[in-house]
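Trainee:
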Amino acid sequence: MGSSILLIFIAFLLVLLNGFFVAAEFGLVKLRSTRVKAIAKTMGWRGRILLKVHGDLDAYLSACQLGITLSSLGLGWIGEPAFVQVLEPLFGALGIVNEALVHTIAFAVAFFIISYLHIVVGELAPKSMAIRMPGKVSMWTAVPLYGFYWLMYPAIWTLNHSANWVLRKVGLDAAPGHDSHYSSEELKLILRTSQSDDQYTEDDWRVLAQALDFRDLDVADLMHPFSEAVALSASADIETSLDKIVQHRYSRYPLLDENGQVQSVVHLKDIFFAMRKGEMPDRLKKLARPVQTVSPRLSASELFKRFQQGAPHFAVVAYQDGQPLGFITLDNLLGALVGEIRDEFRQAQNEWTKLDDGSMIGKGSLTIFTLERALGIDIEDTDVDSVGGLIMQQLGDLPSEGQRVQFEHFDAVVKKMNGPRIVLVRIYPREMVS
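As structure tokens, this is what we get:
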């Protein structure tokens, strides 16, 4: 009986050992590399060992698997016979005299006890604990796992190389590595599932989500039609130009030649400096700076980089039929990142005005991106940039005032036309019309 109790004690130790390796495995997999680096800087030698273990994840996961396998095999070899030896006399005392029956019942009960302990204590509990607090679990398991790895290094090396040989034979890459990079959509999903965290406000989550959207945007998604630009004539006298500047109070103004094309851009600071020095010219074009012209398909992030490097914070979007297609400023890019930016002189309204019934109204010249953001949707497979262009593409013809056009996520009603141009559109989200 004494030997049986000792074997049962060893069986419990093997269950706990199995749980240790399971916890170590799930803790390492769950723990982010950025978190490991932070731990290594603050937790001394144990943190540095964790960094070393996490940096060679393939090898140490193999060590975990070896430990789990050896523990499970040992548990099956020692645990069940030990419990059978303890249980057989108990069933005999209950009056069961058939030795074969006693052995069968004892074996079945022993199998149930060992399986239960193995699954609950050796698998599920440590796995759940490691998933809930991977940092703490990895800190406590890294040092013993590090020692076990070097103790069993020959066996682990042999097993790893054998597994890689099998992978090569079936045509798979046996090179170690773990994909720690997330796609933009995966990061957005992580943000959405993390919004219950009280540590951040709704505005924090919105800015993060918009920053992820930003990398997918083109200039065409954010530009304004050039018809909305407050432009100055390069040939106009200085008083006429200054009157227009005082009226609108922008910081930069495109200068147009006699053909309506943008020659350059003038900055309000240059005008002030010229006034202060008493060197005000008779025409603003003498103060103008070169203007950059960009393609509508240039990425917004690339244009943002150019603005950061000192390019004028005003760009003309590539010409179409001899006329500017649109314009874009640094404010437009910042608005896409953090939301609309207003100041003392510009209290602009939202691009899309939400009405009491849940519908929205806005200009047909607004970009598709503004509609996507307002509705929280993605509009795919379109070669046009504006909402008006999207409606015409869907119809294949010019619409008439009052015409309703159906899309997957919304209905659009053309409220006002100006010749071939859609001036005003009303949007009905799909939940309103379904």
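Take 169 as the starting number for the sequence shown in our numbering and just add one per residue. Built from N, CA and C at the ideal position, the CB exists for glycine as well. In this text, all values refer to a predicted model and were calculated from it rather than measured experimentally.
Have a look at Q477, K304, A179, L175 and flag the residue whose alpha-carbon is nearest the alpha-carbon of A208.
Mentor: Walking along the sequence shown from the start, residue 208 turns up at place 40. Ranking Q477, K304, A179, L175 by Cα distance to A208 puts K304 first.
Trainee: For M443, does the three-state DSSP call read helix, strand or coil?
Mentor: For the purposes of this step, residue 443 is taken as residue 275 along the sequence shown, with counting starting at 1. DSSP places M443 in helix when its eight states are reduced to three.
Trainee: Can you name the start and end residues of the alpha helix (DSSP H) that R474 belongs to?
Mentor: As a working mapping, residue 474 is identified with position 306 in the sequence shown. Residues 468-476.
Trainee: Tell me L424's beta-bridge partners as DSSP assigns them.
Mentor: Looking up residue 424 in the sequence shown gives position 256. For L424, which the question treats as bridged, DSSP gives the partners S401, V430.
Trainee: Under 8 angstroms between the Cβ atoms of S306 and L199?
Mentor: Counting from one through the sequence shown, the residue named residue 306 turns up at place 138. Counting from one through the sequence shown, the residue named residue 199 turns up at place 31. Yes; because the gap between Cβ atoms is below 8 angstroms, this pair is in contact.
Trainee: Can you tell me whether M301 is buried or exposed, with buried defined as 16 or more other CB within 10 angstroms of its CB?
Mentor: Looking up residue 301 in the sequence shown gives position 133. Exposed is the call here.
Trainee: Between the Cα of V387 and those of R572, I413, R474, spot the shortest distance and give me the residue it belongs to.
Mentor: Taking the sequence shown and counting its residues from 1, the one referred to as residue 387 is at position 219. The shortest C-alpha separation from V387 is found at R474.
Trainee: My output table needs one value for G530: the three-state DSSP class, helix, strand or coil.
Mentor: Residue mapping note: residue 530 aligns to position 362 of the sequence shown, counting from 1. G530: strand per DSSP, three-state reduction.
Trainee: Work out the CA separation of P312 and L613 for me, nearest whole Å.
Mentor: A question about residue 613 goes unanswered here, because the residues of the chain that appear run from 169 up to 602.
Trainee: Check whether the segment 459-470 and the segment 393-409 touch, using three or more Cβ-Cβ pairs below 8 angstroms as the test.
Mentor: no
Trainee: Just checking L423 against the ligand GTP - is the residue's beta carbon closer than 7 angstroms to any of the ligand's heavy atoms?
Mentor: As presented, the structure is devoid of all ligands, the ligand GTP included, so that no description of it is given.
Trainee: Hey, how far is the Cα of V338 from the Cα of A192?
Mentor: Residue mapping note: residue 338 aligns to position 170 of the sequence shown, counting from 1. Residue mapping note: residue 192 aligns to position 24 of the sequence shown, counting from 1. So the alpha carbons of these two residues sit roughly 30 angstroms apart.
Trainee: Given a cut-off of 8 angstroms on the beta-carbon distance, is the pair S554 and G532 in contact?
Mentor: In the sequence shown, residue 554 corresponds to position 386, counting from 1. In the sequence shown, residue 532 corresponds to position 364, counting from 1. Taking 8 angstroms as the Cβ cut-off, S554 and G532 qualify as a contacting pair.
Trainee: For I281, which of A442, A298, F578, E248 has the nearest alpha-carbon?
Mentor: By 1-based counting over the sequence shown, the position of residue 281 is 113. Relative to the Cα of I281, the nearest Cα in the group A442, A298, F578, E248 belongs to E248.
Trainee: Under DSSP, the beta strand (DSSP E) around V582 begins and ends at which residues?
Mentor: The residue given as residue 582 occupies position 414 in the sequence shown. Per DSSP, V582 belongs to the beta strand (DSSP E) from 578-586.
Trainee: As an exercise, report each continuous alpha helix (DSSP H) stretch of at least 4 residues that is fully enclosed by the segment 217-286, in chain order.
Mentor: For the segment 217-286, whole alpha helix (DSSP H) runs of length 4 or above, ordered along the chain, are 225-242, 248-261.
Trainee: Could you tell me if F188 is buried or exposed, where buried requires 16 or more neighbouring beta carbons within 10 angstroms of its beta carbon?
Mentor: For this step, residue 188 is matched to residue 20 along the sequence shown. Counting Cβ neighbours within 10 Å, F188 comes out buried, since at least 16 surround it.
Trainee: Would you call the segment 213-221 and the segment 307-327 touching, i.e. three or more CB-CB distances under 8 angstroms?
Mentor: yes
Trainee: Touch check for the segment 566-578 and the segment 490-503: three-plus C-beta pairs under 8 angstroms?
Mentor: no
Trainee: Could you compute how far the alpha carbon of S432 sits from the alpha carbon of L424?
Mentor: Numbered from 1 along the sequence shown, position 264 holds the residue referred to as residue 432. Numbered from 1 along the sequence shown, position 256 holds the residue referred to as residue 424. Between S432 and L424, the C-alpha separation is close to 8 angstroms.
Trainee: Determine the burial state of A179: buried for a count of at least 16 other Cβ atoms within 10 Å of its Cβ, exposed for fewer.
Mentor: For this step, residue 179 is matched to residue 11 along the sequence shown. Burial call: buried.
Trainee: Quick one: grab the DSSP three-state call for I590.
Mentor: Numbered from its first residue, the sequence shown carries residue 590 at position 422. Three-state result, I590: strand.
Trainee: How about V593 and I547: are their beta carbons less than 8 angstroms apart?
Mentor: For the purposes of this step, residue 593 is identified with residue 425 of the sequence shown, where counting begins at 1. For the purposes of this step, residue 547 is identified with residue 379 of the sequence shown, where counting begins at 1. No, they are not a contact pair.
Trainee: Run through DSSP, which three-state label would D450 get?
Mentor: Walking along the sequence shown from the start, residue 450 turns up at place 282. Of the three classes helix, strand and coil, the one that applies to D450 here is coil, per DSSP.
Trainee: CA-CA distance, F394 and F495?
Mentor: As a first step, residue 394 is located in the sequence shown; it is residue number 226 there, counting from the start. As a first step, residue 495 is located in the sequence shown; it is residue number 327 there, counting from the start. Taking the straight line from one Cα to the other gives about 6 angstroms.
Trainee: So, with DSSP's three-state summary, where would you put T461?
Mentor: Numbered from 1 along the sequence shown, position 293 holds the residue referred to as residue 461. Looking at T461 - three-state DSSP - the assignment turns out to be strand.
Trainee: Cβ of I236 within 8 angstroms of Cβ of L182?
Mentor: The residue given as residue 236 occupies position 68 in the sequence shown. The residue given as residue 182 occupies position 14 in the sequence shown. Between I236 and L182, the gap from beta carbon to beta carbon reaches 8 angstroms or more.
Trainee: Quick check on the burial criterion: 16 or more other C-beta atoms within 10 angstroms. Buried or exposed for V618?
Mentor: The first residue shown for the chain is 169 and the last is 602, placing residue 618 beyond what the model contains.
Trainee: So V573 is in the beta strand (DSSP E); what residue range does that whole segment cover?
Mentor: Start at 1 with the first residue of the sequence shown, and residue 573 comes out as number 405. V573 -> beta strand (DSSP E) spans 572-574.
Trainee: Relative to the C-alpha of H435, which residue among G446, T497, A486, L376 is closest?
Mentor: The residue labelled residue 435 in the question sits at position 267 within the sequence shown. With distances taken between Cα atoms, H435 lies closest to T497.
Trainee: Give me whichever residues DSSP pairs with H392 in a beta bridge.
Mentor: Position 224 of the sequence shown, counted from the first residue, corresponds to residue 392. Its beta-bridge partners are F495.
Trainee: Classify S568 as buried or exposed, calling it buried when 16 or more other Cβ atoms lie within 10 Å of its own Cβ.
Mentor: In the sequence shown, residue 568 corresponds to position 400, counting from 1. In the assembly as shown, S568 is an exposed residue. Its beta-carbon has fewer than 16 other beta-carbons within 10 Å.
Trainee: Going by the beta-carbon positions, is the gap between R598 and G556 smaller than 8 angstroms?
Mentor: Locating residue 598 in the sequence shown gives position 430, counting from the first residue. Locating residue 556 in the sequence shown gives position 388, counting from the first residue. No, Cβ-Cβ distance for R598 and G556 is not below 8 angstroms.
Trainee: Buried or exposed for G428, please, with buried defined as at least 16 other CB atoms from any protein chain shown within 10 angstroms of its CB.
Mentor: Your numbering for residue 428 matches position 260 in the sequence shown. Exposed, since its Cβ has fewer than 16 Cβ neighbours within 10 Å.
Trainee: Within the continuous alpha helix (DSSP H) that includes R606, where are the two ends?
Mentor: Beyond the ends of the chain as shown, which are 169 and 602, falls residue 606; an answer cannot be given.
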